[in-house]
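Chains as they are written, first to last, in our numbering: chain A, 63 to 387; chain B, 8 to 127; chain C, 20 to 134; chain D, 107 to 356. For glycine and all other residues, C-beta sits at the position ideal for the given N, C-alpha and C. No experiment lies behind these values; they were computed from the predicted model shown. What follows is a single structure, written as structure tokens, with notes after it.
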Amino acid sequence: MAQVIKFTKIQELIYELPIERVMKKDVIKVSPDASMKELKEILRINRISGVPVLEEERLVGIISIEDLIKALVEGDIQAPVRKRMTTRMITVLENESVVEAVKKFAQYKVGRLLVVNEQGLLRGILTGGDITRGLLEAISLDYHAEEISRYRAKHIFEDIVSDQTSLILRYKVKARDFKRGGSASSKVKRALDRLGAVPEVIRRVAISTYEAEMNLIIHAEGGGELIAEMQPDVIRITAIDHGPGIPDMDQAMSPGFSTAPNWIRELGFGAGMGLTNIKKSADSMKLESTMGVGTQMEIVIYLRPEVREESNLNHGSGVEGSCRP
Amino acid sequence: MEIEIVNLREIVGIVRGTFLTKQPQLDLEISSCGASDLMSDVLSFMKPGSLLLTGLVHPQSVRTAEMADIAAIVFVRGKTPGSEVIGLGNELGIPLIASPYGMYEICGRLYKAGLPPAMK
Amino acid sequence: MPSLKEITQKLNLEVVSSASLVDRPVTGGYASDLLSCAMKGAQKDYLWVTLQSHLNVVAVASLLNLAGVIITEGSQPDGETITRAEKEGVVLLVTPKTTFTVVGDLTLLGVKGDS
Amino acid sequence: MLRPFLADLHIHTVLSGCAEVEMIPPLIIRQAKRLGLSLIGITDHNACHDVEAMIQASEGTGIHVLPGMELQSREEVHLLCLFDTFLQCQQWQEEVSKNLPPLSNKEAFGAQFVVNPLGEWIRTEERLLAMSTNMGLEEVVREVHSMGGMVIPAHVDRPSFSLLSNLGMVPDSLEADALEVTPRFIPSIGMQRWPQLKDWCMIVNGDAHRLQEIQNRTQFTLAAAEVREINLAFKGEAGRKVTVKWPVPG
Chain A
63 MAQVIKFTKI QELIYELPIE RVMKKDVIKV SPDASMKELK EILRINRISG
113 VPVLEEERLV GIISIEDLIK ALVEGDIQAP VRKRMTTRMI TVLENESVVE
163 AVKKFAQYKV GRLLVVNEQG LLRGILTGGD ITRGLLEAIS LDYHAEEISR
213 YRAKHIFEDI VSDQTSLILR YKVKARDFKR GGSASSKVKR ALDRLGAVPE
263 VIRRVAISTY EAEMNLIIHA EGGGELIAEM QPDVIRITAI DHGPGIPDMD
313 QAMSPGFSTA PNWIRELGFG AGMGLTNIKK SADSMKLEST MGVGTQMEIV
363 IYLRPEVREE SNLNHGSGVE GSCRP
Chain B
8 MEIEIVNLRE IVGIVRGTFL TKQPQLDLEI SSCGASDLMS DVLSFMKPGS
58 LLLTGLVHPQ SVRTAEMADI AAIVFVRGKT PGSEVIGLGN ELGIPLIASP
108 YGMYEICGRL YKAGLPPAMK
Chain C
20 MPSLKEITQK LNLEVVSSAS LVDRPVTGGY ASDLLSCAMK GAQKDYLWVT
70 LQSHLNVVAV ASLLNLAGVI ITEGSQPDGE TITRAEKEGV VLLVTPKTTF
120 TVVGDLTLLG VKGDS
Chain D
107 MLRPFLADLH IHTVLSGCAE VEMIPPLIIR QAKRLGLSLI GITDHNACHD
157 VEAMIQASEG TGIHVLPGME LQSREEVHLL CLFDTFLQCQ QWQEEVSKNL
207 PPLSNKEAFG AQFVVNPLGE WIRTEERLLA MSTNMGLEEV VREVHSMGGM
257 VIPAHVDRPS FSLLSNLGMV PDSLEADALE VTPRFIPSIG MQRWPQLKDW
307 CMIVNGDAHR LQEIQNRTQF TLAAAEVREI NLAFKGEAGR KVTVKWPVPG
């Protein structure tokens, strides 16, 4: 089975989480007019190794225990913080994603970053530990969200009693209607979201439905029909058209092959990746075509990801043997 | 630097050590020295007849010394071997010495005394 | 005592991480291959001589704010270790010589241990 | 009745500073299920504060959790200590905590989290756990045995924190119950390098610090998931046995 392109949960979170979700908000700060001696007390009492320097609300510098030690050595302990602070500050924006902070940590090799808003006002402070802690909290929240939505989806199907419940959505797709291209699949996507499917599964359904829909628009002379049948565990998408049909099935399935005319390609469609993308996203795909009659494609995606991922586990290859080889 | 042969008596003096094992052969000549806490390393690189400086107090240090034909062992500061280790030293005839200095200091002192490294 | 830069040159050590930070003072030396011993024995601005080259060496050096770590017997830290050392500003130095020889040379240069 | 237990007895949680944040009870259990495991050992560095949460998370899943820890001995050797009950493990924890140097973590070795069965944060452990305890190798084996547990020296083929690297060889006097090797260990090469290993039953665990690293290479045939039964399997007695899926060279 083709490998599904997939981010790990952590990578996804690093890109998704804004810095303000993980930063420390109550920041201890110092005025530039405070003396180094006063700074020493602030650091000692709060057991911290550095603080930002704020004049009124404005961020003017940062001062650390190293600066304090230098002042001590030089006997300059009565000097104002303003004189000994560092004005080169490494900042990140509060609404940037955590990945930006990770990059800056790597680039500047600093222990903490100052978090500011668009106006340059200090909003918080961020350490590597804050990121780890934030990710941990987010990952468990995400896990909960996932559990709750699964419960919700199940619940809907349980309320409606039948031997086999399924929800069927039908869409008519017009040939060459590029303006409305993708509207059927976006409706399928929204429905799945309502039913509480897992985001990763929704993405895969959306990609394959979109490609199937575009195939109808590009190739089916008289348009076609897109049918999404949802059951508690599985979604089945069927795309049916009435011609012309696919002349060479193997060729159609190979990546990059396209029969789309040039004017369609110029619109950015028909790059020959449609069927390949569907194959990548779906758990199974069946394509039947008879020249002059039409084409029917059936895509199956399981709504519980573990059903699929089991076959992707790549462990335990080797030879079975004794523990005393 | 001139390479010197140092005997066990002199070594004990240099590291201000005390013998843990009985009846040491004081004029035993030591031609080289190595310092390591990982016995896999001792087994793979140390020359026969050399002195081992280590912080690993375990009967395995003595066993390794036997395997690698190590002449004697100096245990560094704070690493006092138990009776089992000392018993094994006596049994295998490998002199064991305890020094009040850390590994760094002992290396420095013996190196200054002209003992060459024990790399194979 | 000589600076880390001087030591690096005189002992012909290969700098594998944080090369820009070698201009720092060294106040003493410590030798052990056991990380837990180094945690107890090595101090800020000390130079640590060891055969170990794995990731936790960087954690110890960073925690204690050591001047640097000399990895002996040609043992090479892996990419992950070097990346982490760069990030934490830890100077890793590599030499084919044994711990015994390196400490001997450091002693002759005037880098003292705790006695 | 004897039945097979696919196992990984060396899994870290977020209590280990070096573990990824994904190592929380529900995700570990989910991954173990996917791999077909029915027996897992939870072994954080010198501590078992997340074991109870793991046991609770495993309830009703058909996965049995062995309480334990990865102890670091005075010789800086890692040893898996595994028990039948959480109570035994806690008793051992008391002994270990007394012998752990009182250093604070300051997150240089990574943050250490105590979590609940859902993986939610309860507290951050401030004491540095991944350090040598003041306990000798043999002492650990003796004490754990006397408390009804078992001891398996971890990743003996690794170049650091291992029996073969720190002690050069397996001491004759060592009364460990089996040895653990890494998933990279290839018998034909390893046995040549350390011929002594032929006297030992060896198992493969993942030493997993992330979900992807959990292994399903070791299978026990046991009447029940108990220390006593596992020990019989190590010896190959009474029909109990261990089979390992070894990697092939190349």
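According to DSSP, which residues form a beta bridge with residue i?
{"i": "residue 229 of chain A", "result": "A:292"}
{"i": "residue 188 of chain D", "result": "D:174, D:256"}
{"i": "residue 177 of chain A", "result": "A:154, A:186"}
{"i": "residue 382 of chain A", "result": "D:351"}
{"i": "residue 171 of chain A", "result": "In DSSP, residue 171 of chain A forms no bridge with anything."}
{"i": "residue 80 of chain B", "result": "B:59, B:103"}
{"i": "residue 151 of chain D", "result": "D:176"}
Please report how far the alpha carbon of residue i lies from the alpha carbon of residue j, in whole angstroms.
{"i": "residue 276 of chain A", "j": "residue 150 of chain D", "result": "52 Å"}
{"i": "residue 199 of chain A", "j": "residue 159 of chain D", "result": "16 Å"}
{"i": "residue 101 of chain A", "j": "residue 90 of chain A", "result": "11 Å"}
{"i": "residue 161 of chain D", "j": "residue 63 of chain B", "result": "37 Å"}
{"i": "residue 112 of chain D", "j": "residue 380 of chain A", "result": "15 Å"}
{"i": "residue 178 of chain A", "j": "residue 202 of chain D", "result": "45 Å"}
{"i": "residue 205 of chain D", "j": "residue 88 of chain A", "result": "37 Å"}
{"i": "residue 256 of chain D", "j": "residue 349 of chain A", "result": "57 Å"}
{"i": "residue 27 of chain C", "j": "residue 42 of chain C", "result": "10 Å"}
{"i": "residue 22 of chain C", "j": "residue 136 of chain A", "result": "20 Å"}
{"i": "residue 154 of chain A", "j": "residue 244 of chain A", "result": "37 Å"}
{"i": "residue 53 of chain B", "j": "residue 142 of chain D", "result": "47 Å"}
{"i": "residue 297 of chain D", "j": "residue 286 of chain D", "result": "14 Å"}
{"i": "residue 366 of chain A", "j": "residue 270 of chain A", "result": "17 Å"}
{"i": "residue 114 of chain D", "j": "residue 323 of chain D", "result": "8 Å"}
If I measure Cβ to Cβ from residue i and keep anything under 6 Å in the same chain, skipping five residues before and after, which residues do I get?
{"i": "residue 129 of chain C", "result": "20"}
{"i": "residue 73 of chain B", "result": "99"}
{"i": "residue 116 of chain B", "result": "21"}
{"i": "residue 370 of chain A", "result": "Caution is warranted here: a pLDDT of 47 is assigned to residue 370 of chain A, below 50, making its placement in the model unreliable, and the coordinate value is therefore given only provisionally. Result list for residue 370 of chain A: 345, 364, in chain order."}
{"i": "residue 233 of chain A", "result": "246, 288"}
{"i": "residue 238 of chain D", "result": "178, 180, 182"}
Can you name, in chain order, every residue of its own chain whose Cβ lies under 8 Å from the Cβ of residue i, other than the five neighbours on each side?
{"i": "residue 253 of chain A", "result": "229, 231, 290, 292"}
{"i": "residue 344 of chain D", "result": "338"}
{"i": "residue 92 of chain A", "result": "100, 101, 104, 113, 114, 115, 116, 125, 143"}
Could you give the DSSP three-state label for residue i: helix, strand or coil?
{"i": "residue 253 of chain D", "result": "coil"}
{"i": "residue 164 of chain D", "result": "helix"}
{"i": "residue 347 of chain D", "result": "strand"}
{"i": "residue 121 of chain A", "result": "strand"}
{"i": "residue 108 of chain B", "result": "coil"}
{"i": "residue 339 of chain A", "result": "helix"}
{"i": "residue 307 of chain A", "result": "coil"}
{"i": "residue 27 of chain C", "result": "helix"}
{"i": "residue 63 of chain A", "result": "Below a pLDDT of 50, predicted positions are generally treated as unreliable, and residue 63 of chain A, at 31, falls in that range; no measurement from the model is reported."}
{"i": "residue 32 of chain B", "result": "coil"}
{"i": "residue 281 of chain A", "result": "helix"}
{"i": "residue 110 of chain A", "result": "coil"}
{"i": "residue 326 of chain D", "result": "strand"}
{"i": "residue 276 of chain A", "result": "helix"}
{"i": "residue 357 of chain D", "result": "There is no way to answer for residue 357 of chain D, as the model of chain D reaches only from 107 to 356."}
{"i": "residue 238 of chain D", "result": "coil"}
{"i": "residue 355 of chain A", "result": "coil"}
{"i": "residue 88 of chain C", "result": "strand"}
{"i": "residue 132 of chain C", "result": "coil"}
In chain order, what residues of the same chain lie with their CB nearer than 7 Å to the CB of residue i, ignoring the 5 residues before and after it?
{"i": "residue 328 of chain A", "result": "The predicted model places residue 328 of chain A with a pLDDT of 45, which falls under 50 and marks its position as unreliable; any figure quoted below should be read in that light. Correct list: empty, nothing qualifies."}
{"i": "residue 234 of chain D", "result": "209, 210, 211, 215"}
{"i": "residue 80 of chain C", "result": "67, 88, 109"}
{"i": "residue 304 of chain D", "result": "297"}
{"i": "residue 122 of chain C", "result": "48, 50, 68"}
Q | Interfacial residues, the stretch 37-50 of chain B to chain C, with Cβ spacing under 8 Å | A | 40, 41, 42, 43, 44, 45, 48
**Q.** Short-range partners of chain D found in the stretch 57-68 of chain B, where Cβ spacing is below 7 Å
**A.** 63, 65, 66, 67
Q: Mind checking the stretch 87-99 of chain C against chain A and listing, in chain order, the residues whose C-beta falls within less than 7 Å of any C-beta there?
A: none
(Q) For the stretch 162-178 of chain D, list every residue whose C-beta sits within 8 Å of some C-beta in chain A, in sequence order. (A) none
Q. When Cβ atoms are compared, which residues of the stretch 141-175 of chain A fall closer than 8 Å to chain C?
A. 167, 168, 171
(Q) What are the residues in the stretch 38-52 of chain C lying within 7 Å of chain B by C-beta distance? (A) 48, 49, 50, 51, 52
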